[in-house]
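K.L.:
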Amino acid sequence: MTLAGSLRLAAYALGAVGGALVFVEFFQMPSYVEFDPEVERYDVDLHPAEITEHTWFGRVGGLLISLAFALLFVAALVG
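Following our numbering, the numbering of the sequence shown begins with 118 at its first residue and continues without gaps.
1. Do Leu120 and Val177 have their C-beta atoms within less than 7 Å of each other?
2. Alpha carbon to alpha carbon, how far is Tyr149 from Val161? Give it in angstroms, no decimals.
3. Going by C-alpha to C-alpha distance, which of Phe144, Gly179, Tyr159 and Glu142 sits closest to Gly132?
4. I'd like to confirm the pairing. Which residues does DSSP put opposite Glu151 in its beta bridges?
5. Between the beta-carbon of Glu142 and the beta-carbon of Phe190, is there less than 7 Å?
6. The alpha helix (DSSP H) with Ala187 in it runs from where to where?
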């Protein structure tokens, strides 16, 4: 296997893992939304200092996807 082929395979693997992490990020409930099972409703409680919009799943996933694109670019230059 050539160096370019190995880089492409590594990029595909990193992109797949990163995409899965971003997918998990999309289906998490935001920190400012709470579900009350007794009355079956959602409450939105906004305190700007306490809001967390993104978790580490999304951050690491985005980083892995960008690294995968960079590896694909290097593989195109090498091979």
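Idealized CB from N, CA, C, for every residue including glycine.
P.N.:
Considering the structure as presented:
1. no
2. 6 Å
3. The candidate whose alpha carbon is nearest that of Gly132 is Gly179.
4. Asp160
5. no
6. Ala187 -> alpha helix (DSSP H) spans Trp173 to Val195.
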